[in-house]
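Taking it in order: structure first as structure tokens, then the write-up.
Residue numbers (my numbering), protein chains in the order written: chain A, 1308 to 1670; chain B, 336 to 874.
Right, here's the structure in full:
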């Protein structure tokens, strides 16, 4: 009987997420009808646009890759019941570190890529370590520290690039290009899909195994489920807090590097790119499951690509998608949404169960 | 019969799928004391919460004084004349008794509280119902028994005709219970109706007119108390015969395995919770710690298990100083801990049974042959313990939150006893679990003790602490006030006097008791000569 309740719960969560997505889309369509002369065409472009050409579908994959990294980074930390608003800055610093190593070090092909990635992970890990250790040692809220540190990292990164690695020949505020030896090559014309896709796959598998198949992941999850219980059982919750943030930072930093080496090949961000915030959305949609993060990232990337196409082809701007996104997150995270429906299911199942003679006694 | 209250076909399902009440019919006559009994988790408290508007029933109707009522909140219940005294008191500790009683109905003088009128009102009420309280004292300074009277007065002032008391005797000493019962009889004579929730059958027999027995979310019977024996009622509660006495082979205590020296604790608020507690636990014995809750037991256990550092004193396990060490270190020294509150400390509700069972040993080579954890070994380990400890679940992959309280406690006990401990610190091991699980856990504890493990058993349940312990000490106000070398020779009444702080042994008397048990039977005459002197001297 326990099995059925658990399955019901799981299915309910899936349905609830799907219904939230559906309602958000309906609302998006209603708003489109108000603002557009050609709502059907606009919404058609939004929903189906990404499927109309290989290049456009490639755009979805390209856009999903950094979201998977930040989604994983946030999910790891969320699983320890800690906040992580810092993936943005960690991602940013990972990109800076990778670009510097990519410009400075003369290294042969594959090795150069690996060194760039390692440098980015180290930079991201360091960025994550700070809020982690502040929380573990001083009890400082990681919510506040990781959020505020984003601005510190952003300014620091912009300073380093502008004053030490700026390409004065270029017409814009960008760094020198990285050496070609550090590139993650694009291999699927006409898209820009690059070998970073292997890195992302490795990261997903690693995070999954780490969380569910190692003692450290176990300690992290138990700390997240009940920190009192973890402490009581002898798990060092302070070190869990630190290493969850460090690992999250490393994964986010890695994402920054992959985005640089695979797509831009020189540092181009003079504003925060926002991947860290999107990572939070992805992690929430995925309920912090590393495999769900892949689906969540693809879904978000698909909507973004669709919105871009809609903006280019019709009179509706791409910001429409942020409305849909907002409603979706609201409904997914709102505990009470459909709670009554769930309760009725539970009541029906539970009372039906009771009518069968109880084999498990007073349990 | 003139029914004051009728609840018809009440069904309540909690969000986790637990059916707390299934089509329950419950009826109370005007002017009776009606006992509602059943094991923990049978649904008594839920039914009363529905009555008082704290929970909404999924189905069913409530009739009060013959009329259908819709009780959506406690304030609606109160306006109908229904009052409830909860298991955990709802008083403001920093306010006085009078202020608590009139809270929300304050007599005013201008814009400020008329303190004199409040005190007068409280004293009149206390007089009228012979529930003596110290109206001017702060609630935090008065004993538990008096706090309960304050709760009852609060309900009466709000016009309660029907009074629900949820396990009112759980926190009382035997003497306070006698007083409470006298007050309840007085209330009945004055025309009040009382619902008395309990699972202590002796008290039910003594005080009630009729009994409704619940089991597993249903009502299994209603009887006139005079026409049923304790054994009849307990059979209805459990669904089978129950053995009340624990079978226990004589203890063969060995050398000390845990030594506690002059343990002190001052909280951040400046309250002195432990004032120099010392004792030893030997191998192969159960040392019971009796006492009314809130006399330092919780803090003592937290210190012994590493959850909280002491302000002074030492804790030695097998000669090793573990004072202020973290829980992991203390566990590695061989201390297991069955915590007071299993949902706060004992288990991760969302995790599976097998995950809960490896929490203290997740670093062991056994589960981590290489880098990855072996899910197969974790599952085998879980399945084996589920079988050995008779945990009722479909498999060890079931999340702990799906289990009943007794089975969750078995998960905790299974993990703690299978850790191969030298000492087990058990705090209220039978709290909130059914008779079957209690019996099982007691048997396991005795088994461990007989195999040479030292057990420190902290319990507010006199029956548990007296039937399980080999030696017994009493904690009162953060001090050890009595030490009995043979728990079986103590009577409940005598224990009650120490728990209330009416009597206390001198350090010499306790040292004598200690020597009598430690030095074996070197001079038994000495110990025997002292025991009667204890009682005489303190009186």
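Where a beta carbon is used, it is the ideal one built from N, C-alpha and C, also for glycine.
So, helix, strand or coil for residue i, using DSSP?
i: residue 1533/A; result: coil
i: residue 1472/A; result: coil
i: residue 1626/A; result: coil
i: residue 840/B; result: coil
i: residue 500/B; result: strand
i: residue 1389/A; result: coil
i: residue 343/B; result: strand
i: residue 603/B; result: coil
i: residue 1492/A; result: coil
i: residue 458/B; result: helix
i: residue 724/B; result: coil
i: residue 1550/A; result: helix
i: residue 360/B; result: strand
i: residue 610/B; result: strand
i: residue 1329/A; result: helix
i: residue 817/B; result: strand
i: residue 533/B; result: strand
i: residue 807/B; result: strand
i: residue 1373/A; result: helix
i: residue 1572/A; result: coil
I'd like the list of long-range same chain contacts for residue i, defined as Cβ closer than 7 Å, with 5 residues on each side in sequence excluded.
i: residue 769/B; result: 374, 375, 376, 741
i: residue 1670/A; result: Any reading at residue 1670/A must be qualified, since the residue scores a pLDDT of 35, below 50, and its modelled position is unreliable; no value is offered.
i: residue 868/B; result: In this predicted model, residue 868/B has a pLDDT of only 37, less than 50, meaning its place in the structure is not dependable; the value taken from the coordinates is given anyway. If we look at residue 868/B and ignore the five residues flanking it on each side, it has no Cβ neighbours.
i: residue 347/B; result: 355, 356, 381, 385, 390, 392, 393
i: residue 640/B; result: 662, 665, 670, 672, 760
Does residue i get closer than 8 Å to chain B when you measure Cβ to Cβ?
i: residue 1532/A; result: yes
i: residue 1351/A; result: no
i: residue 1538/A; result: yes
i: residue 1621/A; result: no
i: residue 1529/A; result: yes
i: residue 1309/A; result: Because residue 1309/A sits at a pLDDT of 42, beneath the cut-off of 50, its placement in the model cannot be relied upon, and the following sentence gives the value as read from the coordinates. It does: the Cβ of residue 1309/A has a partner Cβ on chain B nearer than 8 Å.
i: residue 1572/A; result: no
i: residue 1323/A; result: no
i: residue 1444/A; result: no
i: residue 1535/A; result: yes
i: residue 1541/A; result: yes
i: residue 1521/A; result: yes
How about residue i: is its C-beta nearer than 8 Å to some C-beta of chain A?
i: residue 706/B; result: yes
i: residue 666/B; result: yes
i: residue 686/B; result: yes
i: residue 399/B; result: no
i: residue 663/B; result: yes
i: residue 682/B; result: yes
i: residue 350/B; result: yes
i: residue 679/B; result: yes
i: residue 703/B; result: yes
i: residue 695/B; result: yes
i: residue 478/B; result: no
Could you pull out every residue in the same chain whose Cβ sits closer than 6 Å to the Cβ of residue i, ignoring the five residues on either side in sequence?
i: residue 771/B; result: none
i: residue 1346/A; result: 1339, 1340
i: residue 799/B; result: 765
i: residue 1593/A; result: 1599, 1600, 1603
i: residue 398/B; result: 341
i: residue 1336/A; result: 1350
Am I right that residue i and residue j are in contact with their C-beta atoms under 8 Å? What's the rounded C-beta distance?
i: residue 675/B; j: residue 506/B; result: That belief does not hold up - the Cβ atoms of residue 675/B and residue 506/B are roughly 14 Å apart, past 8 Å.
i: residue 644/B; j: residue 1538/A; result: Between residue 1538/A and residue 644/B the Cβ distance is about 13 Å, and since that is not below 8 Å, they are no contact.
i: residue 1671/A; j: residue 1514/A; result: Only positions 1308 to 1670 of chain A appear in this structure, which leaves residue 1671/A out of reach.
i: residue 1361/A; j: residue 1580/A; result: Actually they do not touch by this definition, with Cβ atoms about 25 Å apart.
i: residue 528/B; j: residue 367/B; result: 6 Å
Leaving out five residues on either side along the sequence, give the residues of the same chain with a beta carbon under 8 Å from the beta carbon of residue i.
i: residue 836/B; result: 811, 812, 816
Counting only beta-carbon atoms, is residue i nearer than 8 Å to chain E?
i: residue 1526/A; result: Protein chains A and B are contained in the structure displayed, whereas chain E is not.
| message | Can you pull out the residues from the segment 399-425 of chain B whose beta carbon lies closer than 7 Å to at least one beta carbon of chain A? | response | Those residues of the segment 399-425 of chain B placed with their C-beta closer than 7 Å to a C-beta in chain A do not exist.
| request: Check each residue of the segment 1376-1407 of chain A: if its Cβ is closer than 9 Å to any Cβ of chain B, include it; give the result in chain order. | output: For the segment 1376-1407 of chain A, which is checked against every Cβ of chain B, not one residue is closer than 9 Å.
| request: For the segment 642-663 of chain B, enumerate the residues whose C-beta is nearer than 8 Å to any C-beta of chain A, in chain order. | output: Within the segment 642-663 of chain B, those residues whose Cβ lies closer than 8 Å to any Cβ of chain A are, in chain order, 642, 661, 662, 663.
| Members of the segment 524-539 of chain B that neighbour chain A once the beta carbon cut-off is set at 8 Å | none
| Residues of the segment 759-788 of chain B with Cβ closer than 8 Å to any Cβ of chain A, in chain order | Taking 8 Å as the Cβ-Cβ cut-off, the segment 759-788 of chain B approaches chain A at 769, 771, given in chain order.
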